[in-house]
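Protein chains in written order, with the numbering used here: chain L, 102 to 422; chain V, 43 to 567.
Here's the structure, in structure tokens; my notes come after.
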């Protein structure tokens, strides 16, 4: 009963959050300097033609009127038309979601699994040489800029030792269906996933290590050990389960960024996802696309934090109390 | 062990690449682009990544390409020939008779009329040029007449220039049910009459075109044309160095410092292409002390183009001392020159203008604002130093492209790096220097220039026009609303053996637009 109320309350918070997000996005974009009509009008525009373009896209209307129109339009579930392609923004976004989900989802899953495993493993002997070495490596990897690391991977594995594709999601003349297609995509995923993962895995190593080490120092672990459970059971069944909360928190935060957290990686590897779309939209000042993407992003963040809270409740019954 | 696996894998990959070439595969050109097209309907919006595919799938009434730097201002694409009426108010185009759209239907004057009428009705980007068209008449299936509101000598060249971007001829029978060129089944699956046919567009990935075997000028030598988005210039360069790209467009130009080393490489062709634009500075005449001619003259004397060339371009650009660029040939007034580099004279002029060095050593302050072009930024860094040497406290300020443009239009700048245009018709001077001209951001106003330019714009007597534009250049180098610095130049890399690109002479006047690849010859063809 309590849990249901808790869930309901959290879901209701969505409405004001969404409203604030939309208004803030709108303000931000319109406060930025620069004139989008100039980019829309193209190479040869003269002032008369510019005025025409402004009128056509409602850019000549007063600021508040533009905001009001936008809110009404969003209210009816319409994210508007892209200035440049004249296609519905929602379609443009949805079209790019699978590629991004595939890339970021895979790397997130892998880094959580691998990071937590390594962290738990080294937590057994805090302060050992191995611990210091792994911790140092984790911090080092965490500090590497992802676009630089991506470029280095490309140089190494596509130029020096050309065994992997450097860009895109599929080969030019690759198969378009069946197992060959899946294999082709998998090959294209290796480098971007590696780049993304390398940078985020360190975080999970550090987190898991610290929190597992903390839990291992608790009295109940001493008790469990005294009872005579094998060390593996102690570590995974008792210590890790209790140490997972901070990992879930961070995972939740990163889940929120799952759709857009890979702008740099997608740009370097020419991955056909949302991140690159946003990058191009920003360069071209395609306001409806930028705002649409921001709204989708914000909603994912809100949704991810909701899910995190619910998972928390499942992992730690104290939360629901 | 691991290294052995790697080595084996590498050897395998190399063998695969080797066999692919040996088997006489289709000649494919992969063109990297910094972004993805928004749609494949180039007429309806200025979408720089759609110009490439659009220019090769569609035909144009008239076209021009980089051959413009050798003096071609327009040539016929669908048009076999054209004539202008005596009063200059009607241009009659005769069309080629054997041209077919990719669906087999013939291209006629009705398609031209339909396309241009739609552009005018919907005020699409090429309306900028077509706004002077009062009416379009179809005389017969292969004759179309454009009736102009006012005579305009530069009309056909300007139409050719705008066609390179956004005035492609669409098939009437496939588009007449649509409202404009913004939707429907052919928005992203274009059917044109150009040398290449649309095959597929993998959203987020490549746009693929294939040779049109029935093209009326003959099948292109290239079998396939692939547009591939690559946002990161370093990645594109790595792909080129690895031999997987045969062509690195000027959007990805290497640093000029690397050019000597690249030129020593037998497998690489470095191509420099001039244009009908310059790189120059605009001075805001509405802002004191730049409103004084002596101050502008002093600034002109303070500039050392040779030093700028060495520092910014590794000595590889051509300085411009006339109010034009080399590609304009006979239109250049070679006796009208900008002031020479003379620091002492600059200082003296500034002293006399009542702007002596103050206690801190500075005379006055200016802000220098380059647009977001690599070359402009490099030049302006040097300019700032050269101005500081004569006591002008210059500082550099940078904006993103949209902001920079808005500030230009608002005339909110002191000194801006700019790209003045001189062709395809010298009428371009009017846009930059006539009172109220669309790109006269300097607020320059000169009655004599206005009158001459207006007259020359409608005149069809070449000698008379030459005289007028000579005088305009004299006025400009004397009044100094802008100071020309360099002939613009683009740097493109090609793999040896590839030939006929639009940026090299072998592709001039047959590429069909600045983005056309009709003349490209792959190795061994």
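Glycine included, every Cβ here is placed at the ideal spot set by N, Cα and C.
Whole alpha helix (DSSP H) elements within the region 284–368 of chain V, 4-residue minimum: 301–306, 335–344 and 347–355
Residue 424 of chain V and residue 354 of chain V look like a contact to me (Cβ under 8 angstroms); what is the Cβ gap, rounded to whole Å? Taking the first residue of the second chain as position 1, residue 424 of chain V is located at position 382. Taking the first residue of the second chain as position 1, residue 354 of chain V is located at position 312. At roughly 5 angstroms, the Cβ-Cβ gap stays under 8 angstroms, so residue 424 of chain V and residue 354 of chain V are in contact.
CB contact check: residue 486 of chain V to chain L, cutoff 8 angstroms: For the purposes of this step, residue 486 of chain V is identified with residue 444 of the second chain, where counting begins at 1. Closer than 8 angstroms: no.
Under three-state DSSP, which class holds residue 453 of chain V? Here residue 453 of chain V corresponds to residue number 411 of the second chain, with the count starting at 1. Coil at residue 453 of chain V, not helix or strand.
Give me whichever residues DSSP pairs with residue 522 of chain V in a beta bridge. Numbered from 1 along the second chain, position 480 holds the residue referred to as residue 522 of chain V. For residue 522 of chain V, which the question treats as bridged, DSSP gives no partner whatsoever.
So the candidates are L/241, L/243 and L/268; which of them puts its Cα closest to the Cα of residue 254 of chain L? Working through the first chain from its first residue, we reach residue 254 of chain L at position 153. The shortest C-alpha separation from residue 254 of chain L is found at L/268.
Taking only runs of the alpha helix (DSSP H) that begin and end inside the region 335–385 of chain L, which ones reach a length of at least 4 residues, in chain order? 342–357, 364–369 and 375–384
To test your reading of the DSSP string, which unbroken alpha helix (DSSP H) runs of 4 or more residues are found completely within the region 179–239 of chain V? 197–208 and 214–217
Chain V contact residues for residue 255 of chain L, given Cβ-Cβ distances below 8 angstroms: The sequence position of residue 255 of chain L within the first chain is 154, counting from 1. Near residue 255 of chain L (Cβ distances below 8 angstroms), the residues of chain V are 277 and 280.
Cβ shell of residue 314 of chain L (< 6 angstroms), same chain only, five flanking positions each side left out: Taking the first chain and counting its residues from 1, the one referred to as residue 314 of chain L is at position 213. So the qualifying residues of the chain are 224 and 227.
Report the option in L/345, L/380 and L/384 whose CA atom is closest to the CA atom of residue 413 of chain L. Start at 1 with the first residue of the first chain, and residue 413 of chain L comes out as number 312. Ranking L/345, L/380 and L/384 by Cα distance to residue 413 of chain L puts L/345 first.
At a CB distance below 7 angstroms, what residues from the region 239–271 of chain L approach chain V? Give them in sequence order. 252, 255, 256, 259, 260, 262, 263, 264, 267, 268, 269, 270 and 271
Can you say whether residue 556 of chain V is buried or exposed, counting buried as having 16 or more other CB atoms within 10 angstroms of its CB? As a position in the second chain, residue 556 of chain V is number 514, starting the count at 1. Label assigned to residue 556 of chain V: buried.
Could you say if the region 441–455 of chain V and the region 392–408 of chain V meet the contact criterion of at least three C-beta pairs nearer than 8 angstroms? no
Exposure label - residue 343 of chain V; buried when at least 16 CB within 10 Å: Within the second chain, the letter at position 301 stands for residue 343 of chain V. Its Cβ being crowded by 16 or more others within 10 Å, residue 343 of chain V is buried.
Quick test of your reading: residue 360 of chain L and residue 397 of chain L, contact by CB under 8 angstroms. State the CB separation rounded to the nearest angstrom. Here residue 360 of chain L refers to the residue found at position 259 of the first chain. Here residue 397 of chain L refers to the residue found at position 296 of the first chain. That belief holds up - the Cβ atoms of residue 360 of chain L and residue 397 of chain L are roughly 7 angstroms apart, short of 8 angstroms.
What's the C-alpha gap between residue 235 of chain L and residue 531 of chain V? For the purposes of this step, residue 235 of chain L is taken as residue 134 along the first chain, with counting starting at 1. For the purposes of this step, residue 531 of chain V is taken as residue 489 along the second chain, with counting starting at 1. Whole-angstrom Cα-Cα distance: 52 angstroms.
Could you give the first and the last residue of the continuous beta strand (DSSP E) run that contains residue 322 of chain L? Within the first chain, the letter at position 221 stands for residue 322 of chain L. It is not in any beta strand (DSSP E) - residue 322 of chain L instead sits in the alpha helix (DSSP H) that spans 320–328.
Cβ pair count under 8 angstroms reaching 3, the region 371–390 of chain L against the region 195–210 of chain L: yes
For residue 239 of chain V, count the other beta carbons within 10 Å of its own beta carbon; 16 or more makes it buried, fewer makes it exposed. Which is it? Looking up residue 239 of chain V in the second chain gives position 197. Label assigned to residue 239 of chain V: buried.
Verify whether the separation of the beta carbon atoms of residue 235 of chain V and residue 209 of chain V is less than 8 angstroms. Locating residue 235 of chain V in the second chain gives position 193, where the first residue counts as 1. Locating residue 209 of chain V in the second chain gives position 167, where the first residue counts as 1. Their beta carbons are not under 8 angstroms apart, which means residue 235 of chain V does not touch residue 209 of chain V by this criterion.
On a Cα-Cα basis, can you pick out the residue from V/393, V/106 and V/349 that is closest to residue 383 of chain V? Taking the first residue of the second chain as position 1, residue 383 of chain V is located at position 341. Among V/393, V/106 and V/349, the Cα nearest to that of residue 383 of chain V is on V/349.
Range covered by the beta strand (DSSP E) that runs through residue 165 of chain V: Counting from one through the second chain, the residue named residue 165 of chain V turns up at place 123. No beta strand (DSSP E) contains residue 165 of chain V, which DSSP labels as neither H nor E.
Can you say whether residue 250 of chain L is buried or exposed, counting buried as having 16 or more other CB atoms within 10 angstroms of its CB? The residue given as residue 250 of chain L occupies position 149 in the first chain. Result: buried.
Return yes when the Cβ of residue 394 of chain L is within less than 8 angstroms of the Cβ of residue 175 of chain L, no when it is not. If you number the first chain from 1, residue 175 of chain L lands on position 74. If you number the first chain from 1, residue 394 of chain L lands on position 293. No. Outside cutoff.
Start-end ranges of the alpha helix (DSSP H) lying completely within the region 495–559 of chain V, minimum 4 residues: 504–521
Cβ-based burial, residue 195 of chain V [other Cβ within 10 Å; buried from 16]: Residue mapping note: residue 195 of chain V aligns to position 153 of the second chain, counting from 1. So residue 195 of chain V ends up on the buried side.
Go to residue 404 of chain V, then tell me how far its beta strand (DSSP E) extends in each direction, as first and last residue. Within the second chain, the letter at position 362 stands for residue 404 of chain V. No beta strand (DSSP E) holds residue 404 of chain V; DSSP gives it neither H nor E.
Compute the distance between the beta-carbons of residue 345 of chain V and residue 450 of chain V, then report whether it is under 8 angstroms. Here the question's residue 345 of chain V lines up with position 303 in the second chain. Here the question's residue 450 of chain V lines up with position 408 in the second chain. It is not a contact, given that the beta carbons lie outside the stated cut-off.
Which residue marks the beginning of the alpha helix (DSSP H) containing residue 396 of chain L, and which one marks its end? Walking along the first chain from the start, residue 396 of chain L turns up at place 295. That run of the alpha helix (DSSP H) goes 388–416.
Measuring CB to CB, does residue 298 of chain V end up less than 8 angstroms from residue 421 of chain V? Position 256 of the second chain, counted from the start, is the residue given in the question as residue 298 of chain V. Position 379 of the second chain, counted from the start, is the residue given in the question as residue 421 of chain V. For residue 298 of chain V and residue 421 of chain V, no; Cβs fall outside 8 angstroms.
Counting Cβ pairs, one atom from each stretch, are 3 or more of them under 8 angstroms apart for the region 326–333 of chain V and the region 100–116 of chain V? no
For residue 252 of chain V, three-class secondary structure by DSSP: Within the second chain, the letter at position 210 stands for residue 252 of chain V. Residue state, collapsed to three classes: strand.
In the structure shown, what three-state DSSP assignment does residue 135 of chain V receive? Start at 1 with the first residue of the second chain, and residue 135 of chain V comes out as number 93. Residue 135 of chain V falls in the strand class under three-state DSSP.
What number of angstroms, rounded off, separates the C-alpha of residue 359 of chain V from the C-alpha of residue 300 of chain V? Here residue 359 of chain V refers to the residue found at position 317 when the second chain is read from its first residue. Here residue 300 of chain V refers to the residue found at position 258 when the second chain is read from its first residue. Rounded to the nearest angstrom, the two C-alpha atoms are 14 angstroms apart.
Look at the alpha carbon of residue 412 of chain V and the alpha carbon of residue 343 of chain L, and state the distance between them as a whole number of angstroms. Here residue 412 of chain V refers to the residue found at position 370 of the second chain. Here residue 343 of chain L refers to the residue found at position 242 of the first chain. Each residue's alpha carbon lies about 58 angstroms from the other.
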